[in-house]
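Counting in my numbering, the sequence shown tops out at residue 478, every number present. Each residue gets a CB set at the ideal place from its N, CA and C atoms; glycine is no exception.
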Amino acid sequence: MRQLVIDTATEALSVALFDGGLLIDSHHEIAGRGHAEKLIPIIAAMNGGGRAQEIVVDTGPGSFTGVRVGLAAARALAYGWQARLRAYASVSLVAAIARDLSGPAGEAPVLAVVMTGGHGECFWQRFDTATLEPLAPAASTPITRLGEELGDAVLYGTGAAAVVEARGHGRAVPLHPDARRLPLLPARLLGDDSTPLYGRGADAVPLAMRKN
(Lines of atoms letter the chains of each structure in order from A and count residues from 1; the text may use other names and numbers.)
(Lines give C-alpha, C1' and ligand atoms only; values in the text may rest on other atoms or scores of the structure.)
Protein backbone atom coordinates (compact mmCIF):
# COMPACT_ATOMS: atom_id res chain seq x y z
CA MET A 1 0.00 0.00 0.00
CA ARG A 2 1.19 3.49 -0.85
CA GLN A 3 0.85 6.18 1.79
CA LEU A 4 1.22 9.93 1.24
CA VAL A 5 2.02 12.03 4.33
CA ILE A 6 1.38 15.79 4.27
CA ASP A 7 2.66 18.10 7.01
CA THR A 8 2.24 21.86 6.66
CA ALA A 9 1.09 22.77 10.18
CA THR A 10 4.31 24.65 11.01
CA GLU A 11 7.05 26.49 9.11
CA ALA A 12 8.09 23.12 7.73
CA LEU A 13 6.74 22.01 4.36
CA SER A 14 7.10 18.27 4.62
CA VAL A 15 5.75 15.56 2.33
CA ALA A 16 6.66 11.88 2.24
CA LEU A 17 5.57 8.97 0.07
CA PHE A 18 5.81 5.43 1.42
CA ASP A 19 5.24 2.14 -0.39
CA GLY A 20 4.83 -0.93 1.77
CA GLY A 21 6.28 1.04 4.66
CA LEU A 22 9.40 2.05 2.73
CA LEU A 23 10.12 5.71 2.02
CA ILE A 24 10.28 6.11 -1.76
CA ASP A 25 10.06 9.89 -2.19
CA SER A 26 10.03 12.98 -0.01
CA HIS A 27 10.37 16.74 0.25
CA HIS A 28 11.24 18.57 3.46
CA GLU A 29 12.10 22.23 3.87
CA ILE A 30 11.66 24.97 6.42
CA ALA A 31 9.65 27.14 4.07
CA GLY A 32 8.20 29.64 6.51
CA ARG A 33 5.51 30.71 4.07
CA GLY A 34 4.22 29.76 0.65
CA HIS A 35 2.91 26.32 1.59
CA ALA A 36 -0.28 26.80 -0.44
CA GLU A 37 1.60 27.63 -3.65
CA LYS A 38 4.25 24.93 -3.27
CA LEU A 39 2.41 21.91 -1.89
CA ILE A 40 0.49 20.55 -4.89
CA PRO A 41 3.38 20.98 -7.37
CA ILE A 42 5.66 19.14 -4.93
CA ILE A 43 3.21 16.23 -4.68
CA ALA A 44 2.67 16.16 -8.46
CA ALA A 45 6.44 15.87 -9.00
CA MET A 46 6.71 12.81 -6.77
CA ASN A 47 6.88 9.19 -7.85
CA GLY A 48 3.64 8.37 -9.67
CA GLY A 49 2.33 11.87 -9.03
CA GLY A 50 2.25 11.03 -5.32
CA ARG A 51 -0.85 8.89 -5.82
CA ALA A 52 -1.54 6.68 -2.81
CA GLN A 53 -4.21 4.51 -1.23
CA GLU A 54 -3.90 6.36 2.07
CA ILE A 55 -3.39 10.06 2.82
CA VAL A 56 -2.09 11.04 6.25
CA VAL A 57 -2.15 14.68 7.37
CA ASP A 58 -1.04 16.80 10.33
CA THR A 59 -4.11 18.44 11.87
CA GLY A 60 -2.17 20.75 14.22
CA PRO A 61 -1.93 22.52 16.51
CA GLY A 62 0.06 25.01 14.52
CA SER A 63 -0.37 27.84 12.07
CA PHE A 64 -4.03 28.46 11.17
CA THR A 65 -3.07 28.83 7.52
CA GLY A 66 -0.67 25.90 7.51
CA VAL A 67 -3.17 23.54 9.09
CA ARG A 68 -5.87 24.57 6.60
CA VAL A 69 -3.55 24.19 3.60
CA GLY A 70 -2.56 20.65 4.54
CA LEU A 71 -6.09 19.56 5.36
CA ALA A 72 -7.58 21.02 2.19
CA ALA A 73 -5.01 19.25 0.02
CA ALA A 74 -5.33 15.95 1.90
CA ARG A 75 -9.12 15.94 1.74
CA ALA A 76 -9.17 16.83 -1.95
CA LEU A 77 -6.64 14.13 -2.85
CA ALA A 78 -8.38 11.53 -0.71
CA TYR A 79 -11.66 12.32 -2.46
CA GLY A 80 -10.14 12.34 -5.94
CA TRP A 81 -8.12 9.17 -5.46
CA GLN A 82 -10.77 7.40 -3.32
CA ALA A 83 -8.09 7.03 -0.68
CA ARG A 84 -8.43 6.61 3.08
CA LEU A 85 -7.78 9.81 5.04
CA ARG A 86 -5.98 9.59 8.38
CA ALA A 87 -4.57 12.21 10.72
CA TYR A 88 -2.17 12.90 13.58
CA ALA A 89 -1.26 15.80 15.86
CA SER A 90 1.90 17.84 15.27
CA VAL A 91 2.93 17.57 18.93
CA SER A 92 2.63 13.77 18.84
CA LEU A 93 4.96 13.42 15.87
CA VAL A 94 7.49 15.80 17.44
CA ALA A 95 7.33 13.75 20.65
CA ALA A 96 8.04 10.58 18.65
CA ILE A 97 11.01 12.24 16.93
CA ALA A 98 12.27 13.51 20.29
CA ARG A 99 12.08 10.04 21.82
CA ASP A 100 14.01 8.63 18.89
CA LEU A 101 16.73 11.23 19.42
CA SER A 102 16.98 10.61 23.16
CA GLY A 103 16.88 6.81 22.99
CA PRO A 104 14.16 4.19 23.64
CA ALA A 105 13.90 4.93 27.36
CA GLY A 106 14.70 8.61 27.09
CA GLU A 107 16.62 10.68 29.62
CA ALA A 108 13.45 11.37 31.63
CA PRO A 109 10.09 9.64 32.08
CA VAL A 110 8.29 12.60 30.47
CA LEU A 111 8.80 14.39 27.14
CA ALA A 112 7.70 18.03 26.94
CA VAL A 113 6.93 19.38 23.46
CA VAL A 114 6.59 23.13 22.89
CA MET A 115 5.56 24.53 19.51
CA THR A 116 5.49 28.14 18.35
CA GLY A 117 2.01 29.63 18.54
CA GLY A 118 0.75 33.14 17.93
CA HIS A 119 0.43 36.34 19.92
CA GLY A 120 3.28 35.48 22.27
CA GLU A 121 1.96 32.02 23.08
CA CYS A 122 3.20 28.47 22.56
CA PHE A 123 1.34 25.22 22.07
CA TRP A 124 2.59 22.53 24.42
CA GLN A 125 1.93 19.01 25.60
CA ARG A 126 3.70 16.47 27.79
CA PHE A 127 4.00 12.77 26.92
CA ASP A 128 4.94 9.59 28.71
CA THR A 129 8.35 8.77 27.24
CA ALA A 130 7.88 5.00 27.27
CA THR A 131 4.46 4.91 25.60
CA LEU A 132 4.09 8.38 24.02
CA GLU A 133 0.67 8.63 25.64
CA PRO A 134 -0.32 12.29 26.16
CA LEU A 135 -0.43 13.20 29.85
CA ALA A 136 -2.90 16.04 29.27
CA PRO A 137 -4.58 17.77 26.31
CA ALA A 138 -2.50 20.17 24.22
CA ALA A 139 -2.76 23.77 25.40
CA SER A 140 -1.76 27.26 24.30
CA THR A 141 -0.10 29.41 26.97
CA PRO A 142 1.76 32.76 26.98
CA ILE A 143 5.51 32.19 26.82
CA THR A 144 6.25 34.09 30.02
CA ARG A 145 3.70 32.09 32.00
CA LEU A 146 4.78 28.82 30.43
CA GLY A 147 8.35 29.61 31.45
CA GLU A 148 7.16 29.78 35.06
CA GLU A 149 4.98 26.67 34.94
CA LEU A 150 6.88 24.18 32.73
CA GLY A 151 9.78 22.82 34.72
CA ASP A 152 11.05 20.02 32.45
CA ALA A 153 14.83 20.22 32.04
CA VAL A 154 14.68 19.55 28.29
CA LEU A 155 12.07 20.99 25.95
CA TYR A 156 11.55 19.84 22.36
CA GLY A 157 9.97 21.66 19.42
CA THR A 158 9.93 24.93 17.53
CA GLY A 159 8.96 26.93 20.62
CA ALA A 160 11.38 25.27 23.03
CA ALA A 161 14.11 27.92 22.76
CA ALA A 162 11.70 30.78 23.52
CA VAL A 163 10.49 29.14 26.72
CA VAL A 164 13.99 28.18 27.85
CA GLU A 165 15.09 31.77 27.28
CA ALA A 166 12.09 33.12 29.19
CA ARG A 167 12.74 30.98 32.26
CA GLY A 168 16.53 31.21 32.11
CA HIS A 169 17.38 27.52 32.51
CA GLY A 170 17.14 24.14 30.81
CA ARG A 171 17.95 22.90 27.32
CA ALA A 172 16.00 23.45 24.10
CA VAL A 173 16.04 20.97 21.23
CA PRO A 174 14.47 22.65 18.16
CA LEU A 175 12.37 20.18 16.18
CA HIS A 176 9.80 20.53 13.38
CA PRO A 177 7.30 17.86 12.36
CA ASP A 178 8.84 15.74 9.61
CA ALA A 179 6.62 13.63 7.36
CA ARG A 180 9.53 11.27 6.70
CA ARG A 181 9.50 10.27 10.37
CA LEU A 182 5.88 9.16 10.51
CA PRO A 183 6.87 5.49 11.10
CA LEU A 184 8.14 6.58 14.54
CA LEU A 185 4.58 7.43 15.58
CA PRO A 186 2.68 4.60 17.31
CA ALA A 187 -0.27 3.42 15.21
CA ARG A 188 -2.72 4.26 18.00
CA LEU A 189 -1.83 7.96 17.62
CA LEU A 190 -3.11 7.92 14.03
CA GLY A 191 -6.85 8.40 13.67
CA ASP A 192 -9.63 8.84 11.15
CA ASP A 193 -10.75 12.19 12.59
CA SER A 194 -9.31 15.02 10.48
CA THR A 195 -10.86 17.83 12.51
CA PRO A 196 -8.29 20.65 12.74
CA LEU A 197 -6.59 21.13 16.10
CA TYR A 198 -5.96 24.86 16.11
CA GLY A 199 -5.04 24.86 19.80
CA ARG A 200 -6.65 28.22 20.54
CA GLY A 201 -9.30 30.59 19.22
CA ALA A 202 -9.16 32.21 15.82
CA ASP A 203 -7.28 35.50 15.39
CA ALA A 204 -10.06 37.05 13.34
CA VAL A 205 -13.22 38.28 15.07
CA PRO A 206 -16.50 38.23 13.10
CA LEU A 207 -17.79 41.73 12.36
CA ALA A 208 -21.02 41.10 14.27
CA MET A 209 -19.03 40.29 17.42
CA ARG A 210 -16.73 43.30 17.37
CA LYS A 211 -17.25 46.02 19.95
CA ASN A 212 -17.80 49.54 18.68
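Asked: Just verifying my parser: in three-state terms, what is the DSSP assignment at ASP291?; Found: strand
Asked: What does a CB cutoff of less than 8 Å around ASP366 pick up in its chain, not counting 5 residues either side in sequence?; Found: ARG447, LEU450
Asked: If you pair each beta-carbon of the region 414–425 with each one of the region 377–392, do three or more pairs fall below 8 Å?; Found: yes
Asked: In angstroms with no decimal places, state the Cα-to-Cα distance between ARG411 and LEU305.; Found: 35 Å
Asked: Output the distance between the C-alpha atoms of ALA438 and HIS385, rounded to the nearest integer angstrom.; Found: 21 Å
Asked: Taking Cβ positions, are THR274 and VAL335 nearer each other than 7 Å?; Found: yes
Asked: Do you know offhand how far ALA353's Cα is from GLY436's?; Found: 32 Å
Asked: In the DSSP output, what is VAL494 paired with across the bridge?; Found: In the structure as shown, the chain begins at 267 and stops at 478. Residue 494 is therefore absent and cannot be evaluated.
Asked: Which class does GLY434 belong to by DSSP, given the choice of helix, strand or coil?; Found: coil
Asked: Would you mind giving the Cβ-Cβ distance between THR325 and LEU463, rounded to the nearest angstrom? I have them listed as a contact below 8 Å.; Found: 5 Å
Asked: Below 6 Å CB to CB, which residues in the same chain sit around ALA445 once its five sequence neighbours on both sides are set aside?; Found: VAL271, ASP273, SER280, VAL281, ALA282
Asked: CB-CB under 6 Å to ILE296, same chain, minus the five flanking residues each way: which ones, in chain order?; Found: GLU277, ALA278
Asked: Excluding five sequence neighbours on each side, which residues of the same chain lie with their C-beta closer than 6 Å to the C-beta of MET267?; Found: GLN319
Asked: Alpha carbon to alpha carbon, how far is ALA340 from SER460? Give it in angstroms, no decimals.; Found: 10 Å
Asked: Would you identify the three-state DSSP class for ALA282, choosing helix, strand or coil?; Found: strand
Asked: Using the Cα positions of PRO307 and HIS293, report the straight-line distance between them to the nearest angstrom.; Found: 11 Å
Asked: Please go through the same chain and pick out, in chain order, the residues whose beta-carbon is closer than 6 Å to the beta-carbon of ALA310, but skip the five residues on each side of it.; Found: none
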